[in-house]
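Okay, structure first, notes after.
So, in structure tokens, the structure goes:
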């Protein structure tokens, strides 16, 4: 239930706000594609790693959103990103910000809602079994 609630909250509340901040005052930068492979980011699908040199520091991380946007790009390819000037660890691709990827009533939101409903139903069923 907790994972579902977090997933729904993240998609419906946090991510739209992050995208709005980046649209309003994000600093354009260029990240580089490090690699894409199955299992990057802990999921079953293909994930991608990006690297960014920003304000004298180099950061490499597993990109959390749509990895399909990197399909066909070579290792080292330039990826336009926006960086939050108040928190340089908040970085999203220009494409994701423009398209609001996974924000609002998106598939991850509904996935989270389904997990919460299943969790509540399961918990209710367990309580019903123990009614003595």
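In our numbering, the protein residues as written are 1240 to 1371.
Virtual Cβ for every residue (Gly too), placed ideally from N, Cα, C.
In this text, all values refer to a predicted model and were calculated from it rather than measured experimentally.
Mapping the DSSP letters down to three states, classify residue i as helix, strand or coil.
{"i": "residue 1319", "result": "strand"}
{"i": "residue 1340", "result": "coil"}
{"i": "residue 1265", "result": "coil"}
{"i": "residue 1256", "result": "helix"}
{"i": "residue 1325", "result": "coil"}
{"i": "residue 1314", "result": "coil"}
{"i": "residue 1286", "result": "strand"}
{"i": "residue 1370", "result": "coil"}
Can the beta-carbon of residue i be found less than 8 Å from the beta-carbon of residue j?
{"i": "residue 1291", "j": "residue 1330", "result": "yes"}
{"i": "residue 1284", "j": "residue 1275", "result": "no"}
Quick check: what's the CA-CA separation for residue i versus residue j?
{"i": "residue 1312", "j": "residue 1358", "result": "40 Å"}
{"i": "residue 1332", "j": "residue 1338", "result": "10 Å"}
Of the residues the options, which one's Cα is nearest the Cα of residue i?
{"i": "residue 1299", "options": "1289, 1307, 1305, 1317", "result": "1289"}
{"i": "residue 1268", "options": "1369, 1321, 1328, 1363", "result": "1321"}
{"i": "residue 1307", "options": "1326, 1255, 1340, 1293", "result": "1340"}
{"i": "residue 1270", "options": "1303, 1319, 1305", "result": "1319"}
{"i": "residue 1327", "options": "1265, 1364, 1368", "result": "1265"}
By Cβ distance, which residues of its chain are closer than 7 Å to residue i, with the 5 residues on each side in sequence left out?
{"i": "residue 1260", "result": "1323"}
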